[in-house]
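Here is the structure:
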């Protein structure tokens, strides 16, 4: 069996498995006696607005490679979760789907407890457009009091370009700002968040000539998962952190940023402020 045929068989098996798990009555189809559970093939095709014959061929492993648009329609017809939709694209096209940016209003209590357990390492969770959703006590003391800001102002770019305290903490503010703008451009594009980014960029271009100039440079930067960050804290003086970013399990739209004190002395300084 060829690799192509094997992939078609995997796709067909997966489609059939998902179809049989759906409740016809819950989706508005007649609750009549059925020989097998789940939807009929023609019902899935109807919901996906594709040919019943072609859908049948896809399940039988002889329909050829479907387009991304068709897989998207089938994923909605089968009411797939994000993880299930990704798997459908992997078996159907050999690649994951394009990222769909999701707005979200917060994090779970479990994630908040994870942040709090990281004290005295400052840690926060941000979205793909760099809105800060959650943070721990160490982040408040070291990076800024996010809780004192209105939710729409808890954005990393807003703080870097509009908050004088944040600027004063950087040893080389311009270099840091340029890296942030370039990395933000890459991450927002990967997340498919162009529509959400536009009003933020327009506002910052209006309020910050420096941001406007950097944004118009169209520079892009690699998003480093690990790096050393040095700041001048207004109370504790010079501090160094090992900076790392992690994807949040089950939430591809979120990232956790952790600033681990680079030395035991730095850790002790921070701990003295949060005790």
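In our numbering, the protein residues as written are 6 to 280. Where is the CB? At the ideal position from N, CA and C, for every residue including glycine. Note that the structure is a prediction, hence the values are computed from the model and not measured.
Residue 147 carries a helical assignment under DSSP once its states are collapsed to helix, strand and coil. In the displayed model, residue 66 falls within coil according to three-state DSSP, outside both helix and strand. According to the DSSP assignment, residue 98 belongs to the alpha helix (DSSP H) that extends over 87-98. Taking the CA atoms as reference points, residue 103 sits about 8 Å from residue 197. If you draw a straight line from the Cα of residue 173 to the Cα of residue 220, it is about 21 Å long. Burial state of residue 276 is exposed, judged by a 10 Å Cβ sphere holding fewer than 16 other Cβ atoms. Here the C-alpha atom of residue 192 lies approximately 11 Å from the C-alpha atom of residue 199. Taking one beta carbon from each stretch, the segment 87-102 and the segment 110-128 have fewer than 3 pairs nearer than 8 Å; the two do not touch.
The beta-carbon separation of residue 249 and residue 265, rounded to 7 Å, stays under the 8 Å limit for a contact. Separation of residue 25 and residue 53 (C-alpha to C-alpha, rounded to the nearest whole angstrom) is 16 Å.
Secondary structure at residue 133: coil, using DSSP grouped into helix, strand and coil. The segment 131-140 makes no contact with the segment 267-275; the number of CB pairs closer than 8 Å stays below 3.
When the alpha-carbon of residue 74 is set against those of 38, 90, 19, the nearest one is in 90.
One alpha carbon belongs to residue 211, the other to residue 217, and they sit about 7 Å apart. Per DSSP, the beta-bridge partners of residue 233 are 247.
Taking all protein chains shown into account, residue 187 has 16 or more neighbouring C-beta atoms within 10 Å of its C-beta and is therefore buried.
Residue 176 is a Cβ neighbour of residue 235, given a cutoff of 9 Å. Residue 171 carries a helical assignment under DSSP once its states are collapsed to helix, strand and coil. The C-beta distance from residue 123 to residue 83 rounds to 39 Å, too long to meet the 8 Å contact threshold.
Per DSSP, the continuous alpha helix (DSSP H) segment holding residue 279 begins and ends at 269-279. The C-beta of residue 141 has 16 or more other C-beta atoms within 10 Å across all chains shown, which makes the residue buried.
With distances taken between CA atoms, residue 170 lies nearest to 149 out of 180, 149, 154, 162. Less than 9 Å divides the Cβ of residue 163 from the Cβ of residue 209. Taking 8 Å as the upper bound for CB-CB distance, residue 159 and residue 260 are not in contact here, some 15 Å apart.
In this structure, the alpha-carbon of residue 38 lies about 12 Å from that of residue 44.
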